[in-house]
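These protein sequence lines map, in sequence, to chains A and B.
With UniProt numbering, letter number 340 in the first sequence gets 340, and the count goes up by one each step, no holes.
With UniProt numbering, letter number 406 in the second sequence gets 406, and the count goes up by one each step, no holes.
Beta carbons are placed, not taken as given, at the ideal position from N, Cα and C, and that holds for glycine.
All of these numbers come straight from a predicted model, not from anything done at the bench.
There are 2 protein chains.
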Amino acid sequence: MAAREGSSSAAGKIAVVASVAVNLAWLATYIHRRYFGGNYGRSDGGEIATVEPSKGKPPVTEHSVVNLDHGDPTLYVEFWRGTGDRATIVIPGWQTMSYFSDLVGFCWFVEPTFEREVRRLHRLVGNAVVDGYHLLVGTGSTQLFQAALYALSPAQDGSPMSVVSPAPYYSSYPSVTNFLNSALYRWDGDANFFGGDTCIELVCSPNNPDGAIRKPVIKSESRKTIHDFAYYWPQYTPITEAGDHDIMLFTVSKCTGHAGTRLGWALVKDVEVAQKMVKFMELNTIGVSKDSQLRAAKIIKVVCDGYELSPPSEANRLFHFGQRKMKERWSRLRATVAASDIFSLPNEISGYCNFVKENVTSNPPFAWLRCHKDGVEDFEGFLREHKILTRGGPKFGVDEKVVRVSMLDTDEAFNMFMNRVASLK
Amino acid sequence: MAAREGSSSAAGKIAVVASVAVNLAWLATYIHRRYFGGNYGRSDGGEIATVEPSKGKPPVTEHSVVNLDHGDPTLYVEFWRGTGDRATIVIPGWQTMSYFSDLVGFCWFVEPTFEREVRRLHRLVGNAVVDGYHLLVGTGSTQLFQAALYALSPAQDGSPMSVVSPAPYYSSYPSVTNFLNSALYRWDGDANFFGGDTCIELVCSPNNPDGAIRKPVIKSESRKTIHDFAYYWPQYTPITEAGDHDIMLFTVSKCTGHAGTRLGWALVKDVEVAQKMVKFMELNTIGVSKDSQLRAAKIIKVVCDGYELSPPSEANRLFHFGQRKMKERWSRLRATVAASDIFSLPNEISGYCNFVKENVTSNPPFAWLRCHKDGVEDFEGFLREHKILTRGGPKFGVDEKVVRVSMLDTDEAFNMFMNRVASLK
């Protein structure tokens with residue numbers, strides 16, 4: 001009996017040890033794959049290998065060029081790393097193969113989950129009215145900008161619609177408007193010098209490049225507007241009212257930092273304008289990547305959940321993370337500029353933010369930096385000699401002594417930029 | 001001693017049972033989440049919830065309309081379900097946030113893994129030369145078609161480039177060419193009736209809608225070509241040679257069936273043309289969704305692995321699956337048409353396929369169905385009355401007595417179509 005028990009007991013111990021060992025081995029493998037190998041366990045013992053993604057721009061080193069020409073929003077990578085698996089998207093091979101997303105909704109190529117999360121986000125932030133608006137999705141807001149031009153053109157007499165915006169205006173507006181030499185619309189320059197009545201005015205607020213808060217400047221009744229709200233988010237500017245304009249454009253690139261996902265959306269009041277924009281999207285790209293839409297839906301869901309369903313820590317709150325980072329960078333830049341004799345920046349703007357419920361200062365996504373140094377005519381060229389790539393004033397319709405500098409890049413790039421700028425006399 | 005052993009043994013048994021129970025419970029939860037809940041286990045005990053994807057068109061029922069107007073490639077869902085997790089893509093929240101994919105390659109927004117898998121696919125199939133070609137990615141091949149028009153226009157004297165294709169031509173060519181009323185190019189109709197010399201000829205082969213194998217028909221030296229090779233894959237047509245034309249367009253929509261991913265690519269011989277196409281992509285959409293590129297890379301990798309690294313079963317071989325399905329459908333359709341007095345189809349084409357190493361007949365993605373019934377002038381309208389949606393000849397530049405019918409939809413839709421067609425006298 002004792003012998004039997006002993007034998008059984010030994011077998012039991014071995015079984016316990018074996019079972020625990022199997023568990024531990026699985027756990028170790030799982031953790032390794034999850035956090036180091038980028039692979040995921042499969043129930044059949046195989047693996048779902050991820051394909052190797054690109055890494056963006058190469059890291060900045062002491063001797064490398066710092067590229068702050070584009071608003072590459074890599075500042076946000078840190079936040080998303082902190083969310084662990086919460087924002088991970090998993091797409092099986094057989095999913096969303098059809099062209100069609102929603103045959104009963106307003107727009108057949110919008111993923112319903114994406115639309116739901118976007119409307120939820122606007123209700124959370126309070127930066128735009130969504131009730132009564134049609135929602136369209138685009139391959140970035142740039143495509144929707146063109147869809148809006150198409151929908152609002154030509155002028156009633158059939159002539160090309162004039163497209164204008166007050167200088168300094170976003171450098172892409174002229175080229176994107178004109179590159180196909182369309183007879184429907186044409187770039188007509190600085191809205192402050194526009195002599196006509198009928199036009200489309202592009203209202204970018206906060207404005208790219210200078211962060212100014214804008215209203216339309218053309219007073220004519222035959223002026224139409226497109227509101228570019230890419231930067232109307234709490235990390236950049238106080239949310240003072242819910243936008244309720246005819247066409248409002250947004251993009252995940254500058255809201256959550258997912259530029260590579262190429263996803264924007266438009267809120268459009270008039271049904272016929274919205275239908276013409278859908279038509280543009282059909283002809284230009286037969287809709288929009290469903291993979292991007294599902295990923296953006298997940299990302300935006302995590303942002304909303306972070307405020308509505310999670311403890312109020314910065315690790316859960318994207319806009320608070322962004323606001324802190326931007327504020328730190330702006331404080332350092334303003335201090336450096338104040339200590340220099342040769343640079344200046346636009347004055348700080350502040351206001352009561354309905355989202356964070358307090359007075360905050362703006363932290364624009366770009367620094368609109370002016371140089372007063374004698375002998376420097378081409379400021380972009382001057383900075384390039386010092387291994388800093390920026391975008392010069394002429395591309396925004398103004399003079400050469402001012403440049404746009406991205407404030408959205410990595411800490412390494414921003415620090416290197418600060419070091420180099422501080423050394424310039 | 002016996003008592004101690006007994007007690008220890010009992011504890012051991014409990015531990016074994018508990019450990020096994022934990023394992024089984026985990027396995028059950030895992031399998032449930034994986035196959036029923038669409039969720040994935042997380043190491044911290046939480047979950048990666050997938051966001052709810054769209055399901056495409058509603059299922060066909062006995063009384064519903066069968067929509068075969070578009071070439072919605074849902075035939076392929078069955079194959080991809082059969083691949084289990086092998087084609088699943090997992091994208092963490094912090095991945096590919098930058099605009100930039102490849103700053104050292106030819107095109108900064110192409111994901112290197114996508115490019116590598118596409119080149120591998122062409123080498124496997126033998127349908128296009130890739131060495132010496134620049135590879136560009138687009139939001140579907142429709143966008144790349146426009147990029148190519150932009151790159152090849154205007155004519156040398158600055159006038160709009162004429163864009164032509166022999167009728168029947170793909171119904172989107174005229175509208176996509178003309179919708180922005182560009183001064184760079186304009187649709188000039190049926191290439192067979194084109195009187196000029198300078199033009200862009202669109203060569204779609206196999207041709208959408210009629211499956212014909214095509215070469216350029218314009219003989220002038222100032223004729224440029226864009227080869228639309230959306231359907232030049234082994235499931236549709238024998239691969240008789242590796243294309244080596246100036247611009248060749250492809251898309252995952254019709255190759256693997258992932259239309260919702262909106263991903264196409266172009267192989268371009270001339271570096272300046274390729275650079276102008278990149279410029280178009282920058283201005284139109286600032287590149288292409290990296291999520292779609294990574295997903296397409298994974299999908300194409302699974303296709304190539306299925307031929308190069310796996311046992312030769314149909315479950316691993318996309319083109320063999322597609323060829324069998326298409327052949328079955330075409331046999332049934334040809335039998336039904338042969339038994340009818342009122343319908344006809346283009347003659348079957350066959351040839352030696354370098355990929356499958358045998359003689360095969362073509363199985364075009366669309367049936368180009370003609371009606372000879374007295375009194376039926378508008379064949380599309382006639383079929384619509386019988387709850388079959390197709391696309392009528394006039395959209396392809398020909399008469400009303402012929403329609404294009406998608407052969408790529410679900411089995412349910414195809415079967416219902418066959419039943420309804422067989423009943424027409």
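{"Asked": "So, at 7 Å on beta carbons, what are the nonlocal neighbours of B:V65 in its own chain, with the 5 sequence-adjacent residues on each side left out?", "Found": "K387, L389"}
{"Asked": "Taking Cβ-Cβ distances shorter than 7 Å, what residues in chain B pair up with A:D411?", "Found": "Correct list: empty, because the minimum Cβ distance to chain B is about 14 Å."}
{"Asked": "Under a three-way DSSP split, which group does B:Q207 fall into?", "Found": "Residue identity check: residue 207 of chain B is Asn in the sequence provided, not Gln. Coil at B:N207, not helix or strand."}
{"Asked": "I'd like to know whether the C-beta atoms of A:P154 and A:M161 end up nearer to each other than 9 Å.", "Found": "yes"}
{"Asked": "In angstroms, rounded to a whole number, what distance separates the CA positions of B:V356 and B:P234?", "Found": "8 Å"}
{"Asked": "Give a yes or no on whether the minimum CB-CB distance between A:N181 and chain B is below 9 Å.", "Found": "yes"}
{"Asked": "Mind pulling the chain A residues with CB within less than 9 Å of B:P73?", "Found": "M97, S98, Y99"}
{"Asked": "Can you give me the start and stop residues for the alpha helix (DSSP H) that A:K325 sits inside?", "Found": "318-339"}
{"Asked": "Identify each residue in the segment 109-141 of chain A for which the Cβ-Cβ distance to at least one residue of chain B is less than 7 Å, and report them in chain order.", "Found": "E111, P112, T113, T139, G140"}
{"Asked": "Can we say the segment 131-143 of chain A touches the segment 107-123 of chain A, given the rule of at least three CB pairs closer than 8 Å?", "Found": "yes"}
{"Asked": "With 16 as the cutoff for other CB atoms within 10 Å, does B:Q156 come out buried or exposed?", "Found": "exposed"}
{"Asked": "Put A:L135 into one of helix, strand or coil per three-state DSSP.", "Found": "strand"}
{"Asked": "Under 9 Å, Cβ to Cβ, is there at least one residue of chain B near A:G45?", "Found": "Unreliable positioning characterises A:G45 in this predicted model, as indicated by a pLDDT of 35, which lies under 50. The coordinate reading is nonetheless provided below. False, the Cβ-Cβ gap to chain B never drops below 9 Å."}
{"Asked": "Check whether the Cβ of B:L283 lies closer than 9 Å to any Cβ atom in chain A.", "Found": "yes"}
{"Asked": "Using 9 Å as the limit for Cβ to Cβ distance, is B:D294 near chain A?", "Found": "For clarity, residue 294 of chain B is Leu in the given sequence; the question names Asp instead. Yes, B:L294 counts as interfacial toward chain A."}
{"Asked": "Under 9 Å, do A:P365 and A:G71 count as touching if we go by C-beta distance?", "Found": "yes"}
{"Asked": "Would you say the beta carbon of A:K298 is closer than 8 Å to some non-hydrogen atom of the ligand NAD?", "Found": "Only the bare structure without any ligand can be found here, which leaves the ligand NAD out of the picture."}
{"Asked": "Classify residue 431 of chain B as buried or exposed, calling it buried when 16 or more other Cβ atoms lie within 10 Å of its own Cβ.", "Found": "A query on residue 431 of chain B cannot be resolved here, the shown segment of chain B reaching from 1 to 425 and no further."}
{"Asked": "Listing by chain order, which chain A residues have their CB less than 7 Å from the CB of B:S175?", "Found": "L283"}
{"Asked": "Around the Cβ of A:E192, are there at least 16 other Cβ atoms within 10 angstroms (buried) or fewer (exposed)?", "Found": "First, the residue type needs correcting, since residue 192 of chain A is Asn and not Glu in the sequence shown. Classification for A:N192: exposed."}
{"Asked": "So the beta strand (DSSP E) A:Y185 belongs to, where does it begin and stop?", "Found": "185-190"}
{"Asked": "Among A:T139, A:Q275, A:S171, A:R404, which has the Cα closest to the Cα of B:G287?", "Found": "A:T139"}
{"Asked": "Between B:N207 and the rest of its own chain, which residues show a CB-CB distance below 7 Å, the 5 nearest in sequence each way excluded?", "Found": "R214"}
{"Asked": "What is the DSSP secondary structure of residue 431 of chain B, reduced to helix, strand or coil?", "Found": "What the structure shows of chain B is the stretch from 1 to 425, and residue 431 of chain B is not part of that stretch, so it cannot be assessed."}
{"Asked": "Checking 9 Å against the spacing of the C-beta atoms, do B:R420 and A:T285 come in under that value?", "Found": "no"}
{"Asked": "Kindly provide the ranges of any alpha helix (DSSP H) runs that are 4 or more residues long and lie completely inside the segment 355-388 of chain B, ordered along the chain.", "Found": "379-385"}
{"Asked": "Smallest Cα separation from B:K327: which of B:D341, B:E272, B:L408?", "Found": "B:L408"}
{"Asked": "Quick test of your reading: B:A413 and B:F280, contact by CB under 8 Å. State the CB separation rounded to the nearest angstrom.", "Found": "Contact flag wrong, Cβ pair sits at about 36 Å."}
{"Asked": "Is the separation between the beta-carbon of A:G264 and that of A:L144 shorter than 9 Å?", "Found": "yes"}
{"Asked": "Throw me the rounded Cβ distance for the B:T198 and B:W187 pair, which I believe falls under 8 Å.", "Found": "With 8 Å as the limit, B:T198 and B:W187 do not qualify as a contact, their Cβ atoms being about 15 Å apart."}
{"Asked": "Please decide whether B:W94 counts as near chain A, where near means a Cβ-Cβ distance under 9 Å.", "Found": "yes"}
{"Asked": "Can you tell me whether DSSP reads A:T251 as helix, strand or coil?", "Found": "strand"}
{"Asked": "Counting along the chain, where does the beta strand (DSSP E) carrying A:V403 start and finish?", "Found": "402-406"}
{"Asked": "Compare the C-alpha of A:L369 against each of A:V273, A:L345, A:L267 and name the closest.", "Found": "A:L345"}
{"Asked": "With a cut-off of 9 Å, does the C-beta of A:V405 fall near any C-beta of chain B?", "Found": "no"}
{"Asked": "Identify the contact partners of A:K298 in chain B, using a Cβ-Cβ distance below 7 Å as the criterion.", "Found": "V51"}
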